[in-house]
Amino acid sequence: MDNEPLYSQPDVNGYYGQFGGAYIPEMLHRNVEELRTRYLDIIYEPAFQSEFQELLRDYVGRPTPLFLAERLSKQFNTTIYLKREDLCHTGAHKINNTIGQILLAERLGKKRIIAETGAGQHGVATATVCALKGVECIVYMGEKDIERQAPNVARMKMLGAKVVPALSGSKTLKDATNEAIRDWINNPNDTHYIIGSVVGPHPYPDMVARFQSVISEETRKQLKEKTGNELPTHVIACVGGGSNAAGAFYHFLEETSVQLVAVEAAGHGVNSGLSAATTQLGKPGILHGSKSLLMQTEDGQVVEPHSISAGLDYPGIGPLHANLFASGRGTFLSATDEEALTAAFELARMEGIIPALESAHALAALKQMTFTGKERIVLCLSGRGDKDLATYMEHIK
Amino acid sequence: MSRISALFVSKPEPILNVYCTAGFPKRDDTLSVMEALQTSGADLIELGMPYSDPLADGPVIQASSMVALQHGMTIPLLFSQIGNMRKTITVPVILMGYMNPVLQYGFEKFCADAAAAGVDGLILPDLPVVEFETEYGAIIKKYGLDFIFLVTPETSPERIQKLDSLSSGFLYAVSSSSTTGSDRSNTGMPAYLQQLQQLKLKNPVLVGFGIKDKASFEAASQFTRGAIIGSAYIKALQENPDVKNTTKTFLAGIKG
Ligand SMILES: Cc1ncc(COP(=O)(O)O)c(C=O)c1O
């Protein structure tokens, strides 16, 4: 499906070419419409921006370092910088978005926050900003993910959030998202839904991408300082829904010399039947309020994905990534569970950094690429691996 | 005049629309459930097409959809089950479902096959107004199908007017802000329905979500042309899958 034009911004109805929109039941209309008509005005208000920037600096710890990973670079005989989102407060990029959305919710007068979470990073990041602002927080999480990401469940509870297990379907991120949306339908007046990725009905994909775009904004400046050139040759990021990738790509979307590499989770292998590689396995379809690429049966029923990484275990991708794929602007690779595990151990022992399993997929993609030695690669290390230690210990070599 | 509009013209009493899930309780029960509903006094049948991720539905309808899907229910199978329904079914029939399975089937083919089977209207709660106006509305019309939009207590009067103008057959008033089958008490319903009444809409209004027994049916019908019952009936079938007896007893409890 090559050769659609690239859309770096959605149109008024939220479309990036053929992907996007707001396929929502009427029960959600008023809230989504309120967001659609107000989000840009609110987030570009000077008072909002100054509070947002201050929290990113003093609370999240931004800018996050751009680290020249020398031993990793040597292994691949090129130059690799790691954008250290793992050093954000709470351990992943997810908090860039939750800070933005909690400030937005405050301005919309919402007193109750709901969220979905897969790996638990978005849940922790949401629970954190809710604690900071003193508002009620309910996080939906698939029952299966509650088991495999236990440390994050404990953190959310300590932060005062209520964690509600999603018991339907595959009991992972997709089902947690369904439950969060149903909660919003049932609580239309006081509640804001903080979606954790660049998915959902318009304006969520664009709004979340804007909050995460700080990643590439900083990268440009840091790269300029370090190399004299603000443009990398490649930006590599993993894609679950696609928020860290959207943020890492954002300010390079129109720089055609920069290759944008998105790495999906292949699970046991793209054709194994146990995979989450949406661009390889999906077709255009509608899930969670937007039209995008979607893993589904011939009859349009959503397929249950598989990935060892809870944050990538999702059958769709954000509409902006579907457009990156369809336009050929993005290069889509995938890494298996096994390859991600190997890459995680290698980074730990080569650079002293334990990556999140999600981020390990981006690292694993390095082995699938060929380098001349002249590259300036930026790899978005979206999160740290503390939450994945139990999984890592099962596979320790 | 469409079969749905004709019903509202010919019948002054409150209209009872009952929702059932295609392929539930057993895969091949679709038509026998519809026949039982008609025999027991349903005026209109809303046939749900099961979907893996039904956002607007509560646990009861979700569960019936999962069962139907596990039994292998699909849209092609549905059309084979209801292809000859007009031999026995005289009441209007509406297909309710979510956009994704319909898109994969092919939207136009879906409308054509629905019309050929004698289906009268569609409810697709996640079909947006913009897309209806620019793309899908014309196709629906081409095949002579009614399209029913939902309104909720959160919908502004201007938007209600708009959704009414785009709908035909009837307008679906969701009784409270909830997913289907909500058990919350709904003291605001009468005021909300009275407000709807004052808008002098083009379409008759049926009320749905949380209508579960004789009392709630009568309360809803006081200000509108009738109501839609879904989760309560599905629950009855979950408790006793004997389609004929369950349906008869259930509807007797509402209309009797
Ligand atoms: C560390 C980390 N990276 C990546 C992801 C995937 O999400 P996204 O594709 O939105 O960045 C997650 C999701 O939980 C995560 O925790």
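Residue numbers (the numbering used here), protein chains in the order written: chain E, 66 to 462; chain W, 2 to 257. Ideal Cβ placement from N, Cα and C applies to all residues, glycine included.
Tell me the DSSP bridge mates of residue i?
i: S357 (chain E); result: E:G350
i: R441 (chain E); result: E:T144
i: S235 (chain E); result: Per DSSP, none; premise fails for S235 (chain E).
i: M97 (chain W); result: W:G49, W:I124
i: P230 (chain E); result: E:M206
i: R149 (chain E); result: E:L446
i: Q324 (chain E); result: E:H299
i: V208 (chain W); result: W:A174, W:A228
i: H257 (chain E); result: E:I178
Would residue i pass as an interface residue toward chain E - the criterion being a Cβ-Cβ separation below 8 angstroms?
i: S186 (chain W); result: no
i: T156 (chain W); result: yes
i: P129 (chain W); result: yes
i: V61 (chain W); result: no
i: V152 (chain W); result: yes
i: Q105 (chain W); result: yes
i: N101 (chain W); result: yes
Let me check understanding here. Comparing Cα to Cα, which of the options lies closest to residue i?
i: A400 (chain E); options: E:I373, E:R394, E:S392; result: E:I373
i: L168 (chain E); options: E:A112, E:I382, E:E290; result: E:A112
i: L173 (chain E); options: E:L100, E:I179, E:Y146; result: E:L100
i: A117 (chain W); options: W:N101, W:Q82, W:V10; result: W:Q82
i: L197 (chain E); options: E:A215, E:E208, E:E171, E:V443; result: E:E171
i: M100 (chain W); options: W:M50, W:S41, W:M35; result: W:M50
i: G450 (chain E); options: E:Q186, E:R394, E:I179, E:F132; result: E:Q186
i: K176 (chain E); options: E:A134, E:V328, E:E440, E:N252; result: E:N252
i: I108 (chain E); options: E:Q140, E:Q277, E:H158; result: E:Q277
i: H426 (chain E); options: E:A274, E:H154, E:G307; result: E:G307
i: S169 (chain W); options: W:S177, W:L146, W:V175; result: W:L146
i: L79 (chain W); options: W:V244, W:K27, W:L56; result: W:K27
i: L428 (chain E); options: E:G448, E:E320, E:T437, E:P230; result: E:G448
i: K432 (chain E); options: E:E416, E:I442, E:E404, E:K286; result: E:E404
i: I161 (chain W); options: W:M74, W:V68, W:Q196, W:R185; result: W:Q196
For chain W, find out if any of its Cβ atoms is closer than 8 angstroms to the Cβ of residue i; answer yes or no.
i: N243 (chain E); result: yes
i: E181 (chain E); result: no
i: I259 (chain E); result: no
i: E119 (chain E); result: no
i: Y88 (chain E); result: yes
i: D364 (chain E); result: yes
i: S340 (chain E); result: no
i: Q74 (chain E); result: no
i: H94 (chain E); result: yes
i: I351 (chain E); result: yes
Report yes or no: is there a C-beta of chain B within less than 8 angstroms of the C-beta of residue i?
i: N388 (chain E); result: Of the protein chains in this structure, namely E and W, none is chain B.
Is residue i close to ligand 1? I mean its beta-carbon at under 7 angstroms from any heavy atom of the ligand.
i: V304 (chain E); result: yes
i: E181 (chain E); result: no
i: E423 (chain E); result: yes
i: Q345 (chain E); result: no
i: N161 (chain E); result: no
i: H316 (chain E); result: no
i: G334 (chain E); result: no
i: G395 (chain E); result: no
i: G307 (chain E); result: yes
i: Q186 (chain E); result: yes
i: G376 (chain E); result: yes
i: S262 (chain E); result: yes
i: A455 (chain E); result: no
i: S447 (chain E); result: yes
i: A157 (chain E); result: yes
Go through its chain and collect everything with a Cβ distance to residue i's Cβ below 7 angstroms, but skip five positions before and after it.
i: G85 (chain E); result: P75, G79, H267, P270, S355, K356, P384
i: L96 (chain W); result: L48, M50, A115, V120, L123
i: P154 (chain W); result: S177, S178, G189, Y193
i: S73 (chain E); result: L318, E319
i: T22 (chain W); result: G49, P51, I62, S65, S66, A69, I235
Give me, in chain order, the residues of the same chain whose beta-carbon lies closer than 6 angstroms to that of residue i; leave out the 5 immediate sequence neighbours on both sides.
i: T182 (chain E); result: G188, V204, M206
i: Q27 (chain E); result: Examination of residue 27 (chain E) is not possible in this model, given that chain E is present from 66 through 462 alone.
i: L121 (chain E); result: R127
i: G182 (chain W); result: G59, V61, S232
i: Y88 (chain E); result: I351, G354
i: D165 (chain W); result: L172, L202, K203, N204
i: P93 (chain W); result: R4, I5, L8, L45, D121
i: A37 (chain W); result: V244, K245, T248
i: S41 (chain W); result: T248, K249, L252
Give me, in chain order, the residues of the same chain whose beta-carbon lies closer than 8 angstroms to that of residue i; leave out the 5 immediate sequence neighbours on both sides.
i: N217 (chain E); result: T182, A184, G185, Q186, G188, V189, K452
i: A220 (chain W); result: M190, P191
i: E244 (chain E); result: E181, Y205, V229, A231, S233
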